[in-house]
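**Q** At position 2 of the sequence shown the residue is numbered 37 (our numbering), and the sequence of numbers has no breaks. Built from N, CA and C at the ideal position, the CB exists for glycine as well. Okay, here's the structure, questions in a sec.
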Amino acid sequence: MAVDSNLSSPLGPPACDKDAKALRFIEEMTRNADAVQERVLAEILSRNAETEYVKRFKLDGATDRETFKTKIPVITYDDVQPEIQRIANGDRSPILSAHPISEFLTSSGTSAGERKLMPTIKEELDRRQLLYSLLMPVMNL
36 MAVDSNLSSP
46 LGPPACDKDA
56 KALRFIEEMT
66 RNADAVQERV
76 LAEILSRNAE
86 TEYVKRFKLD
96 GATDRETFKT
106 KIPVITYDDV
116 QPEIQRIANG
126 DRSPILSAHP
136 ISEFLTSSGT
146 SAGERKLMPT
156 IKEELDRRQL
166 LYSLLMPVMN
176 L
């Protein structure tokens, strides 16, 4: 178990190589958060350029932050609820996502007492699993 001595924490070194790798990943993602977020936004806009929702705002292939901020408004759940309901009713066309909806998550229902449906894709499940896998390396410090 060769642990990376370049990773330092006031709490001590990582417990094992797997933890060291996870901590390096966290460091990489947070050190350049602005650049990472720019890249993620560009990937999302590019991947979903042909969805009904993105087409509505006529981005014409733009994937940069400034175009996004000027053309796509801040919205509430109620603004996209009709599209979410269409998906829940079985519409498989690319409405909000170019990827197929793999599951619906539901909110706890604390806003106005009603649960909200949140359509998700398989990639989102993978992302949640990655985030959960990063908890223990941090807690092991």
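If we ignore side chains and look at the alpha-carbon of each, how far apart do P108 and I122 end up?
**A** Taking the straight line from one Cα to the other gives about 22 Å.
**Q** Grouping DSSP H, G and I as helix and E and B as strand, with all else coil, what is L94?
**A** Correct three-state label for L94: coil.
**Q** Can at least three beta-carbon pairs, one atom from the segment 45-61 and one from the segment 81-91, be found at a separation below 8 Å?
**A** Flag = no, the segment 45-61 and the segment 81-91 do not touch.
**Q** Do you know offhand how far A97's Cα is from P48's?
**A** If I take the Cα positions, the gap works out to 43 Å.
**Q** Could you check the C-alpha separation between I119 and A50 for me, to the nearest Å?
**A** Rounded to the nearest angstrom, the two C-alpha atoms are 44 Å apart.
**Q** Report buried or exposed for S132, applying the criterion of at least 16 other Cβ atoms within 10 angstroms of its Cβ.
**A** With 16 or more Cβ atoms within 10 Å of its Cβ, S132 is classed as buried.
**Q** What did DSSP end up calling A50 once you bin it into helix, strand or coil?
**A** Three-state result, A50: coil.
**Q** Put L176 into one of helix, strand or coil per three-state DSSP.
**A** DSSP places L176 in coil when its eight states are reduced to three.
**Q** So, for P129: in the same chain, excluding its five sequence neighbours on each side, which residues have a beta-carbon less than 8 Å away from its beta-carbon?
**A** If we look at P129 and ignore the five residues flanking it on each side, its Cβ neighbours are N83, E85, T86 and E87.
**Q** If you follow the alpha helix (DSSP H) that T155 is in, where does it begin and where does it stop?
**A** From DSSP, T155 is part of no alpha helix (DSSP H) but of the beta strand (DSSP E) over L152 to T155.
**Q** Let's test the definition: count the other Cβ atoms within 10 Å of the Cβ of L80 and tell me whether it reaches 16, buried, or not, exposed.
**A** L80 comes out buried.
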